Every structure is written in C-alpha cells, then in structure tokens.
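K.L.:
The listed protein sequences correspond, in order, to chains A and B.
Mapped onto the numbering used here, the consecutive letters of the first sequence carry residue numbers 1 to 230.
Mapped onto the numbering used here, the consecutive letters of the second sequence carry residue numbers 231 to 460.
Glycine residues also receive a C-beta, built at the ideal position from the N, C-alpha and C atoms.
Nothing here was measured: the structure is a model prediction, and the numbers come from that model.
Starting off with a structure, shown below.
There are 2 protein chains.
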Amino acid sequence: MLNTMSKIRGQVKTTGYPQTEGLLGDCMLKYGKELGEESAFGNALIEVGESMKRMAEVKDSLDINVKQTFIDPLQLLQDKDLKEIGHHLRKLEGRRLDYDYKKKRVGKIPEEEIRQAIEKFEESKELAERSMFNFLENDVEQVSQLAVFVEAALDYHRQSTQILQELQKKLAIRITYASNIPKREYLSKPVIVTSSSDLNGVSSSTSKIAVSYDFQLHLASSLDIASPND
Amino acid sequence: MLNTMSKIRGQVKTTGYPQTEGLLGDCMLKYGKELGEESAFGNALIEVGESMKRMAEVKDSLDINVKQTFIDPLQLLQDKDLKEIGHHLRKLEGRRLDYDYKKKRVGKIPEEEIRQAIEKFEESKELAERSMFNFLENDVEQVSQLAVFVEAALDYHRQSTQILQELQKKLAIRITYASNIPKREYLSKPVIVTSSSDLNGVSSSTSKIAVSYDFQLHLASSLDIASPND
C-alpha cells in the first residue's frame with residue numbers, strides 16, 4: 001500500500017491521481033460515444049464528460065499547488081525548525097540531569113565542577129527558550145501559509161464553478177433544442193420472417209439500450225469511488 | 231466493507247460521511263484551540279477549521295442532493311424501464327426460438343400452430359421495439375437529469391467559493407494585524423535554580439511547540455485521507 005504523501009512528494013512515479021471527476025468523465029465519454037451522434041443523451045454525456053475531465057485537471061493543479069506552497073513549507077518547518085528545537089530541548093534535559101546530580105554531591109566534588117554544570121545548563125536553557133520564542137513569535141508566517149492554502153482551494157472552486165457554468169448553458173441549449181424536435185411515432189414493421197437475420201432491426205436498438213444500462217451501472221460504481229472509507 | 235452506495239441509498243444508518251474538509255477542519259480546530267488565544271496561528275487555525283467544517287456541510291448537502299435528484303431517478307430507470315425492456319426482449323427471444331423450431335417442421339404440425347407462432351412472435355417484436363423506441367425517444371429526460379446533476383455540482387462549488395472568499399478576507403485582516411504588532415525581543419532570564427520546578431517557564435513554550443508539531447503530523451495524515459486508492 002503506497003502512501004499518497006509519498007506520491008505527492010515525488011518519491012513514487014505516478015501517472016496522475018485518479019480524481020473522482022476524471023473517472024466519472026471517462027465513464028460518461030465512453031458510453032456517450034457508444035450511444036452515438038444521433039442520441040441527445042449520448043451527446044450530452046460527452047459534453048458533461050469533457051467538463052468532468054477538465055475539472056479533474058483543475059483538481060490536479062490544486063493538488064500540485066497545495067503540495068508546493070503549503071505541504072512542502074510545512075514539511076520543512078517540521079524537518080528543520082521543530083527538529084532544531086527538539087535537539088535543544090534534549091540537550092537541556094541532559095544538562096539539567098547532570099546539574100541535579102552534581103548539586104546533590106556538594107562538598108564531595110570540586111565547587112568548580114558544579115559551577116560549570118550550572119553554566120552549561122543556563123546556556124542550554126537560553127538556547128532552547130530563544131529557539132522556541134522565535135518560533136512562536138514568527139507564527140504570522142504560518143498564518144500566511146494557511147492563507148496560501150485557502151487561496152489555492154478558492155482558485156480550485158472558482159475554476160470548477162466556471163467550467164460548470166459553461167456546461168450548464170450548453171446543456172440548457174441542448175435541452176431546448178431536443179425538446180423542440182417533433183416527437184416521432186413508433187411505426188410497427190410487420191415481420192416477414194425468412195431467416196433469423198431479419199431480426200437485425202431489433203438488435204440495433206437493443207445495443208443502445210445495453211449501452212445505456214451499462215452506463216448506469218458504471219456511473220453508480222464511478223460515483224462510488226469518491227468514498228475512501230468503506 | 232460497507233458500500234457507500236448502500237449508505238447513500240439509506241440501507242445503512244450513517245452519522246454523516248466523513249468529508250475530507252470536515253476531518254481537516256476537526257484537526258485545525260483541535261490544535262488551534264490547544265495553541266490558545268494569544269497565538270495568531272492558533273486563532274487562524276480555528277478560523278480556517280470553522281470554514282472547513284462549513285464546507286463539509288455544503289458537501290454533505292451535495293451528496294444528499296445528487297442522491298435524491300440524480301441517483302434515485304437513474305436507479306428507478308434501471309429498475310423499471312430497463313427491466314421492462316429486458317423482460318420484453320427475453321420473451322421475444324423465446325417466441326423466436328419457438329417459431330424457428332415450428333418453421334422447420336412445416337407439414338409435420340398443423341398450419342394453424344405455425345401461424346400462431348408467427349403472430350406471437352410479431353406481437354413480442356412490436357412490444358420490444360416499441361418499448362426501446364420510446365425509451366430512446368425520451369432521452370431528453372435523461373439529459374435533463376444530467377443538467378440537474380450539473381446544477382447540484384455548480385451549487386456546491388459556488389457555496390464553497392463564497393465560504394473561502396469570506397475566509398480569505400478574514401485571514402488577510404489577521405495577517406495585517408499580526409504584522410503590525412511590534413516584534414518582542416527574547417529576554418533571557420538567568421536561572422536561579424533551587425528545584426526542578428523552576429523549569430516551568432520552559433515547559434509552557436514546549437507544550438505549544440509540541441502542539442504545533444502534532445498539528446503538522448495530523449494535518450499531513452488528514453490531507454492523506456483524501457486518497458482512497460493507495
């Protein structure tokens with residue numbers, strides 16, 4: 001099981017994260033094409049599918065953007081600043097223990113040795129405190145990082161809104177157009193059966209129905225992919 | 231492993247789908263509160279966390295909306311219209327086989343029996359063709375369903391955009407305010423050590439650093455939850 005963080009960090013080569021929108025788009029494009037050009041539903045599926053693919057790209061950009069402008073700096077903070085503070089704190093603890101031990105042996109060890117222990121302890125305490133103080137004092141930097149994250153998310157939602165607005169207009173036109181086409185009536189063709197090849201007329205419609213059915217099954221499973229926790 | 235579709239269909243009781251935004255929001259709220267009111271980063275985390283929680287609610291609404299206005303009608307189509315067509319097609323196949331069989335026995339069975347087989351076959355063919363014709367002719371209905379789905383998604387992205395716009399403004403104000411506070415300088419307090427309780431001054435900062443470190447670890451794992459496929 002490979003961790004996404006590793007992928008995002010570039011430790012694992014990936015051919016793009018399978019965004020929900022992209023999977024849904026693939027499914028819509030596939031069955032839209034199979035339904036063919038005459039089918040209003042088929043054409044609409046292709047249109048929605050293409051928009052879904054564009055939305056998946058926008059989501060990919062969000063992932064890359066957040067990785068570079070938010071996760072990476074956060075990772076650096078953890079690997080550098082916080083690690084350094086941890087180092088100072090461990091050193092401080094060692095020197096405190098050393099001083100504690102020597103303090104109890106007053107009279108048994110040279111005064112100079114105890115004085116040195118205090119000095120070293122004080123030095124470490126100042127270093128640790130200063131590094132923590134500076135880290136906490138600079139927290140406006142981290143607020144700015146949060147703002148960068150929020151901007152990336154905002155950008156993603158804005159672009160998705162735009163794609164969907166265009167799509168909505170296109171679909172409205174398509175519905176108006178399709179609604180204005182006069183309804184055809186079903187004309188029964190009597191069977192003059194001589195061989196089973198006469199049934200071809202039926203099989204053309206049948207395959208479209210099968211495509212429509214398949215689409216619905218796949219759509220259900222595509223939508224299902226959005227749920228990581230079952 | 232419970233299927234989300236079952237959950238969405240209401241077959242399994244659920245206390246709300248754990249949206250990525252909600253998990254991230256919980257994490258931010260938790261550590262924002264731990265960092266405390268003095269911390270600009272802590273307050274910003276709470277602000278972003280609250281917005282993330284609101285965005286999770288908007289996503290919940292999207293899920294419910296899509297389920298009711300898109301998945302349910304699609305499911306009905308599959309369970310009713312397509313099932314009916316399937317039934318007609320199976321009946322047609324049976325009658326075709328019956329006719330085929332009787333056709334080969336011309337002369338051996340009564341003429342009347344063959345005529346009846348043709349009639350039944352024709353009747354089934356017309357029923358199957360008519361049901362498929364009507365289904366395909368009405369595909370503008372399915373385009374309208376797609377448009378409803380697109381509208382739900384559009385609504386979701388619009389609302390998220392609005393939440394993030396408000397958040398962006400608040401964060402900008404917070405950053406300006408925090409940047410204008412004059413920087414405090416670190417004042418070293420010499421150690422007059424008598425007991426280990428004198429080290430309390432250090433531990434207050436330490437716990438904030440620990441919170442910050444924990445937040446970053448949890449944030450990394452929260453962001454990771456968005457990836458179902460590793």
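As a quick exercise: from Leu-304/B, Leu-253/B and Asp-330/B, pick the residue whose alpha carbon is nearest that of Ala-286/B.
P.N.:
That would be Leu-253/B, whose Cα lies nearest to the Cα of Ala-286/B.
K.L.:
So Tyr-236/A and Arg-360/B are in contact, right, with Cβ under 8 angstroms, and what is the actual spacing, rounded?
P.N.:
With chain A covering 1 to 230 only, the question about residue 236/A has no answer from this structure.
K.L.:
Does chain B have any CB closer than 8 angstroms to the CB of Arg-130/A?
P.N.:
Judged by the 8 angstroms Cβ criterion, Arg-130/A is in contact with chain B.
K.L.:
Please classify Ile-109/A: does DSSP put it in a helix, a strand, or coil?
P.N.:
Of the three classes helix, strand and coil, the one that applies to Ile-109/A here is strand, per DSSP.
K.L.:
Can you tell me which of Asn-180/A, Ala-44/A, Thr-20/A and His-88/A puts its alpha carbon nearest to the alpha carbon of Gln-372/B?
P.N.:
Cα-wise, what sits closest to Gln-372/B is Ala-44/A.
K.L.:
With a threshold of 8 angstroms, are at least 3 pairs of Cβ atoms found where one atom belongs to the segment 153-167 of chain A and the other to the segment 31-40 of chain A?
P.N.:
As far as the Cβ criterion goes, the segment 153-167 of chain A does not touch the segment 31-40 of chain A, which means the pair count is below three.
K.L.:
Using a beta-carbon distance cut-off of less than 8 angstroms, what residues from the segment 383-412 of chain B approach chain A?
P.N.:
Listed in sequence order: Ala-383, Leu-384, His-387, Arg-388, Ser-390, Thr-391, Leu-394, Gln-395, Leu-397, Gln-398, Leu-401, Ala-402, Arg-404, Ile-405, Ala-408 and Ser-409.
K.L.:
By how many angstroms is the C-alpha of Lys-338/B removed from the C-alpha of Ser-188/A?
P.N.:
Going from the Cα of Ser-188/A to the Cα of Lys-338/B covers about 31 angstroms.
K.L.:
Run down chain A in chain order and give the residues with a C-beta less than 8 angstroms from the C-beta of Ile-339/B.
P.N.:
Ordered by position in chain A, no residue passes the 8 angstroms Cβ test against Ile-339/B, which lies about 17 angstroms from the chain.
K.L.:
Chain B partners of Gln-142/A, CB-CB under 7 angstroms?
P.N.:
Those within 7 angstroms of Gln-142/A in chain B are Phe-271.
K.L.:
DSSP three-state label for Asn-368/B, please.
P.N.:
Looking at Asn-368/B - three-state DSSP - the assignment turns out to be coil, as it is neither helix nor strand.
K.L.:
Rounded to the nearest angstrom, how far is the Cβ of Pro-132/A from that of Ile-439/B, given a contact under 8 angstroms?
P.N.:
The displayed chain sequence assigns Met, not Pro, to residue 132/A. Right, their Cβ atoms sit about 5 angstroms apart.
K.L.:
To the nearest angstrom, how far is the alpha carbon of Ser-374/B from that of Arg-184/A?
P.N.:
Their backbone Cα atoms lie some 19 angstroms apart in a straight line.
K.L.:
Would you kindly report the start and end of the unbroken alpha helix (DSSP H) that includes Tyr-99/A?
P.N.:
Its alpha helix (DSSP H) spans residues 81-103.
K.L.:
Quick check on Pro-18/A: does DSSP put it in helix, strand or coil?
P.N.:
Pro-18/A: coil per DSSP, three-state reduction.
K.L.:
What residue does the alpha helix (DSSP H) around Ser-61/A start on, and which one ends it?
P.N.:
First-last of the alpha helix (DSSP H) with Ser-61/A: 40-66.
K.L.:
Let's test the definition: count the other Cβ atoms within 10 Å of the Cβ of Glu-251/B and tell me whether it reaches 16, buried, or not, exposed.
P.N.:
With 16 or more Cβ atoms within 10 Å of its Cβ, Glu-251/B is classed as buried.
K.L.:
Measure the alpha-carbon distance for Lys-53/A versus Cys-27/A and round it to whole angstroms.
P.N.:
Approximately 10 angstroms between the Cα atoms of the pair.
K.L.:
Which of the three DSSP states is assigned to Lys-419/B in this structure?
P.N.:
Correct three-state label for Lys-419/B: coil.
K.L.:
Whole angstroms are fine: how far does the CA of Ala-402/B sit from the CA of Asp-72/A?
P.N.:
Rounded to whole angstroms, Asp-72/A to Ala-402/B spans 22 angstroms at the Cα level.
K.L.:
Can you say whether Lys-355/B is buried or exposed, counting buried as having 16 or more other CB atoms within 10 angstroms of its CB?
P.N.:
Classification for Lys-355/B: buried.
K.L.:
Quick one: measure Cβ to Cβ for Phe-351/B and Tyr-329/B, integer angstroms, because I've assumed they're closer than 8 angstroms.
P.N.:
Yes, they are in contact, since the Cβ atoms of Phe-351/B and Tyr-329/B sit about 5 angstroms apart, within 8 angstroms.
K.L.:
May I ask you to list, following chain order, the residues of the segment 87-113 of chain A that have a beta carbon less than 9 angstroms from some beta carbon of chain B?
P.N.:
The segment 87-113 of chain A vs chain B, Cβ under 9 angstroms: Leu-89, Leu-92, Arg-96, Tyr-99, Asp-100 and Lys-103.
K.L.:
Rounded to the nearest angstrom, what separates Val-48/A and Leu-376/B at their Cα positions?
P.N.:
Each residue's Cα considered, the two are about 8 angstroms apart.
K.L.:
Compute the distance between the beta-carbons of Glu-113/A and Lys-102/A, then report whether it is under 8 angstroms.
P.N.:
Yes; because the gap between Cβ atoms is below 8 angstroms, this pair is in contact.
K.L.:
Going along chain B, which residues have a C-beta under 9 angstroms from Tyr-186/A?
P.N.:
The answer, in chain order, is Glu-356, Glu-359, Arg-360, Phe-363, Asn-364 and Glu-367.
K.L.:
What residues in the segment 54-66 of chain A have a beta carbon less than 7 angstroms from any beta carbon of chain B?
P.N.:
So the list is empty, because no residue satisfies the distance condition.
K.L.:
Hey, how far is the Cα of Glu-123/A from the Cα of Lys-80/A?
P.N.:
Roughly 21 angstroms separates the two Cα atoms.
K.L.:
Excluding five sequence neighbours on each side, which residues of the same chain lie with their C-beta closer than 7 angstroms to the C-beta of Asp-214/A?
P.N.:
Taken in chain order, the residues that qualify are Tyr-31.
K.L.:
Pick out whichever of Ala-358/B, Lys-400/B and Glu-381/B has its Cα sitting closest to the Cα of Glu-280/B.
P.N.:
Cα-wise, what sits closest to Glu-280/B is Lys-400/B.
K.L.:
Which residues in the same chain as Ile-411/B place their Cβ atom closer than 6 angstroms to its Cβ, once the five residues preceding and following it in sequence are excluded?
P.N.:
Excluding positions up to five away in sequence, the list is empty.
K.L.:
Can you tell me which of Thr-206/A, Leu-136/A and Glu-166/A puts its alpha carbon nearest to the alpha carbon of Ser-269/B?
P.N.:
Closest option to Ser-269/B, Cα to Cα, is Leu-136/A.
K.L.:
Suppose you measure from the CA of Ala-347/B to the CA of Arg-326/B; what does that come to, to the nearest Å?
P.N.:
Their backbone Cα atoms lie some 8 angstroms apart in a straight line.
K.L.:
Using a Cβ cut-off of 7 angstroms, pull out every chain B residue sitting near Lys-208/A, in sequence order please.
P.N.:
Leu-366, listed in chain order.
K.L.:
Once DSSP output is grouped into helix, strand and coil, what is the label at Arg-184/A?
P.N.:
Three-state result, Arg-184/A: coil.
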